[in-house]
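Down below is the structure, laid out as structure tokens.
2 protein chains.
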Amino acid sequence: MLSQLEWHDVDTPLIICFWLTSIVVAKIIFHQSKIGHFIPESSVLITFGLFAGFMLEYFFGWDISLHPDLFFLYLLPPIALEAGYCLPFRMFFKNIGTILLYAVVGTCLNILFISGILYLFSPYYQNSIPYIDLLLFSTLISAVDPVAVLSVFEEIHVNQILYINVFGESLLNDAVVIVLYHSLAHMATIEKIESEHVQEAVGSFLTVATGGVIIGLLFVFFTAFATKFSVKIEVVQPLICLLLPYCCYLACESVHMSGIIGIVTCGLMMKPYLDGNLSEKTKTTTKVFMKTMSNTCEAIVFLFLGLSIFSKSHIWDFIFASVTVSACVLVRFVVVIPLTFLANRRRVKKIALVDQAIIAYGGLRGAICYGLVQTLDQDVILSKDMMITTTVVVIVFTVFIQGSTIAPLVKLLRVKTEEEKPQLISTHVLNGFSDDVMAGIEAVIGKRGGNYYRRRLSAFNHDILEPNLMIRPTSRGARLVEKVCEMNAEESRKMLLETFEV
Amino acid sequence: MLSQLEWHDVDTPLIICFWLTSIVVAKIIFHQSKIGHFIPESSVLITFGLFAGFMLEYFFGWDISLHPDLFFLYLLPPIALEAGYCLPFRMFFKNIGTILLYAVVGTCLNILFISGILYLFSPYYQNSIPYIDLLLFSTLISAVDPVAVLSVFEEIHVNQILYINVFGESLLNDAVVIVLYHSLAHMATIEKIESEHVQEAVGSFLTVATGGVIIGLLFVFFTAFATKFSVKIEVVQPLICLLLPYCCYLACESVHMSGIIGIVTCGLMMKPYLDGNLSEKTKTTTKVFMKTMSNTCEAIVFLFLGLSIFSKSHIWDFIFASVTVSACVLVRFVVVIPLTFLANRRRVKKIALVDQAIIAYGGLRGAICYGLVQTLDQDVILSKDMMITTTVVVIVFTVFIQGSTIAPLVKLLRVKTEEEKPQLISTHVLNGFSDDVMAGIEAVIGKRGGNYYRRRLSAFNHDILEPNLMIRPTSRGARLVEKVCEMNAEESRKMLLETFEV
């Protein structure tokens, strides 16, 4: 009576808060208990969702599933942004060849092989499924989930090369899958597919991907400019760093380019400029808050996944499900090993055989698969419900079984893990030095290799971009001095705190 | 064609992003240009909204106004939370007597006097307005806006006592106004008001306020507990610190207690416990992000205010508007001066006459007034549209005229401003010491004054609450040592950086 806000109005935010609080509680319980050492966090969220879904279904008859708009407009962008922003910049570009090989060629091969296997077994399914539908399903089921992968790999501290390859692959692979998925979803509506349709699909794939990169780079400029001129108003800087990449995603989507490629590009490339424009405080805030958001969105997707397991609309096809699970696991091994062989021919630091096994085994499925399968058009893909069921089975299998056995496997195979190195100023000096020497050698022998173009790009960045986009563009020397000071100060701070035994 | 996300779906987030981006751009332009020295930021946002509103009205015929649900459920809570969280804890409780005097007694007197003046002039208005409607209007127009006040006072660096009193008053005054407003809005629906209705209103005011405080304290425990047990999962901590206070607000509203009192209490009281439970990184993130959110929400309200100025539904009553503006300005002086006289009788550090003038003159109106006037029920308050127009006039007057003249006034009156003191460890020691001495003297003379209860409360907090709610409860001695270390480390860091001239 007293308040004008009646229950009805408070409804929406209360429900959202309820689920978010449940997620927080589930996470706290998970990390407080000892089970965290055996199974990944995502499996706990799925289990929690499972119970909640069962209760809601049993007591209220509610049937909950993730709405595609919710996933693509609100949950996916923060996950993609954080992934791009937190990618180790230098390592990523050093390994970009191998990563692209895995992510583009590897994913395409994965899709082809999985769809082939599914097609082979098609006489045994409950309903006949056209090949184009199987291809579409193979595409979405090939999306390796960066967050599921990351949460597992961060705990076991594998060596940096393995880490960047697995993470980089899972990240770009999403973009490839989503773009291919949309092309195929369009093709699935066509009754008779001719070669020109395939050409069109390939063409549109390239257009959509390139368009995403270009719009992403455009928004890098906007973000850098906006942060450069807002140095005096610290309080809006975190907003800029979250808002503009999201605008980039929406801009891409509204001109039908790839939003996910756009936002990943924007997040990845804006980081060096933001590092120069943001204060220590806003830098921390932006990074930590991105992590929090991405983590929360991911948790919401896993929760929905669990909630939907008890949905009434599930259609079980045991053979289809078993074939899919086996195909997903096997095909990754079949694809990764020859591709690594190719990659190793050009690599200086080779990828070892045990590392290859981990790359193949680490292909956990997650949020993206589930989000994509929900967006299938029921009128075009008649077996959508069965595909949803199978996707849930694949995700649950990879997250629970593979996710919890990968750490023991890493130990068993004696995969080289990353030891913590002391931060040395000499590594920073040597990094720059080796780049220069390599470029020098290339110049002497008259070859224009990767190092030549890297140097040209870096000169362009340093002479033209940085002075315009950053408040304090610094020479390599000045950056080194700054680094020394920071490390010195941090060291003396630690020593002081130690002497006082705080 | 390629993407399943068609324009229609991207609509909502695109519009939101568009307005947010406009706000960012407006702020950047404002701070880059020199006008920032003369007028407050809020006036720029109103002006920007004015132009945008004019264009939208002229070209599209759109009529934009702030929906009360948007204001009360999404924009107000972040503003209130940040205000509570960033209130200087120690200073606030040292001045709580004076602040409560201004906020509770002062606001009530303000409402009575303004409604009296409005009633006196009622024969001259275009329509006759019943006294209860005038009282309701006087209530909402008495809400001093903490953010408008803060943004002005932070720039001019007034002395700490003046600052805490103005800020504390504007903060608690909102709570008082909102609670009174809801009681009166209920009374306005009753045809014949009898004394029991007034008693009921007073009773409900007390219930609603106390209920808010109790629920707020309850959520302080929840937040402290949740952060204590999530030390290992840093990434959810910022979420907890934003989510649980918001839950507190919703919980209060859904049991018809005061959400704003609840969330301010929660924000204010949870801070000491969070300081013990959060890492340096999450502490910074929580604080900066709260500021960003609150700042953004405030900007949105000012934008809406500007947008609505060109609305077609405005009804001008020149006499009513002029009487309201004059009453708002004058009554604050009439109320502040005798109340300060009362307060000064018990204060050790007196509030000077020039300070009183600034407190009275600094009563800027803003978001809360506008939000409240929009929630009026058109069926009960027949002159709602005219009141909206008048409220906009009052806000524009106080923000533009008072907001831009207060800085020159502070200079003219030679108000004592705050000089930046070097951080000394002795001030920390002396603060604790003086509290102990005061309590000791009170014990000797056998009197149980404020210091006695403060000591008891602090002992209860230290012995019972802190060990349960914090991961590292520390004695005063240990805290001092930690403080010394931090200050030492920071100093040596600065010296190092200076020697390298970075």
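Protein sequence lines correspond, in order, to chains A and B. Numbering of the first sequence is given in our numbering, commencing with residue 297 and proceeding in unit increments. Numbering of the second sequence is given in our numbering, commencing with residue 297 and proceeding in unit increments. C-beta atoms are modelled at their ideal positions from N, C-alpha and C, and glycine is treated no differently. Just so it is clear, the structure is predicted and the values come from calculations on it, not from any experiment.
Of the residues A:Pro704, A:Leu540, A:Cys562, the one whose Cα lies closest to the Cα of Val321 of chain B is A:Leu540. Of the candidates A:Gln456, A:Ile767, A:Ala639, A:Ile767 places its Cα closest to the Cα of Lys524 of chain A. For Cys665 of chain B, the closest C-alpha among the options B:Cys313, B:Gly349, B:His363, B:Leu436 is that of B:Leu436.
Shown here, Arg744 of chain A sits in coil according to DSSP, grouped into three states, outside any helix or strand.
Between the segment 462-469 of chain B and the segment 483-490 of chain B, the count of Cβ pairs shorter than 8 Å is below three; the stretches do not touch. At least one CB atom of chain A sits nearer than 7 Å to the CB of Lys323 of chain B.
If the five residues before and after Ile395 of chain B are omitted, its C-beta is found closer than 8 Å to the C-beta atoms of Phe388, Ile460, Asn461, Gly464, Glu465, Leu468, all from its own chain and listed in chain order.
Counting only residues of its own chain and dropping the five nearest sequence neighbours on each side, Pro442 of chain A has a CB closer than 8 Å to the CB of Ile375, Ala379, Phe463, Ser466, Leu467, Asp470. Any Cβ of chain B closer than 7 Å to the Cβ of Glu794 of chain A would place that residue at the interface, and such an atom is absent.
In terms of Cα proximity to Ala617 of chain A, the closest of A:Glu594, A:Asp732, A:Val688 is A:Val688.
Ala522 of chain B and Ser679 of chain A have their C-alpha atoms roughly 44 Å apart. By the rule that beta-carbons nearer than 7 Å mark a contact, Ile529 of chain B touches chain A. A distance below 7 Å separates the beta carbons of Ala735 of chain A and Asn747 of chain A. For Thr343 of chain A, the uninterrupted alpha helix (DSSP H) run begins and ends at 337-351, by DSSP. Assigned with DSSP and collapsed to three states, Val475 of chain B falls in helix. With respect to the 7 Å criterion, Thr485 of chain B and Val676 of chain B are classified as neighbours on the basis of their beta carbons. By the neighbour-count criterion, in which a residue is buried when 16 or more other Cβ atoms sit within 10 angstroms of its Cβ, Gln652 of chain B is buried. Its chain contains Ser318, Leu599, Gly602, Leu603 as the residues whose beta carbon lies nearer than 8 Å to that of Ala348 of chain B, once the 5 sequence neighbours on both sides are disregarded; these appear in chain order.
Within the segment 571-598 of chain A, the residues whose Cβ lies closer than 8 Å to some Cβ of chain B are Lys577, Thr578, Thr580, Thr581, Val584, Phe585, Lys587, Thr588, Asn591, Thr592, listed in chain order. By the criterion of a C-beta distance shorter than 7 Å, Lys779 of chain A is surrounded in its chain by Ile721, His724, once the five residues flanking it on both sides are discounted. Proximity of chain B to Thr317 of chain A at the Cβ level (cut-off 8 Å) is accounted for by Leu539, Leu540, Cys543, in chain order.
By the Cβ neighbour-count rule, Pro704 of chain A is exposed, with fewer than 16 other Cβ atoms within 10 Å of its own. Beta bridge pairing from DSSP links Thr713 of chain B with B:Val454.
Per the coordinates, the alpha-carbon of Glu450 of chain B lies some 15 Å from the alpha-carbon of Ser590 of chain B. Along the segment 543-565 of chain A, the positions whose C-beta sits under 7 Å from a C-beta of chain B are Cys543, Leu546, Glu549, Ser550, His552, read in chain order.
By the neighbour-count criterion, in which a residue is buried when 16 or more other Cβ atoms sit within 10 angstroms of its Cβ, Arg641 of chain B is exposed. For Cys313 of chain B, the residues of chain A that pass the 7 Å Cβ criterion are Leu539, Tyr542, Cys543, Leu546, in the order they occur in the chain. The CB of Leu535 of chain B comes closer than 9 Å to the CB of Leu316, Ile319, Val320, Thr588, Met589, Asn591, Thr592 in chain A, given here in chain order. In the displayed model, Arg775 of chain A falls within a helix according to three-state DSSP.
For chain B, none of the residues of the segment 401-417 of chain A brings a beta carbon within less than 8 Å of one of its beta carbons. Val695 of chain B and Ala444 of chain B do touch by the CB rule: their CB atoms are close to 6 Å apart, below 8 Å.
A distance below 7 Å separates the beta carbons of Lys577 of chain A and Val584 of chain B. Distance from the CA atom of Glu762 of chain B to the CA atom of Tyr569 of chain B, rounded to whole angstroms, is 7 Å. A contact between stretches requires three or more CB pairs, one per stretch, nearer than 8 Å, and the segment 609-627 of chain A meets this requirement with the segment 409-422 of chain A. Of the other Cβ atoms in all chains shown, fewer than 16 fall within 10 Å of the Cβ of Gln495 of chain B; this residue is therefore exposed. Apart from sequence neighbours up to five positions away, the residues of its chain that approach Gly558 of chain B with a beta-carbon distance below 7 Å are Gly508, Ile511, Gly512, Cys544, Tyr545, Cys548, ordered along the chain.
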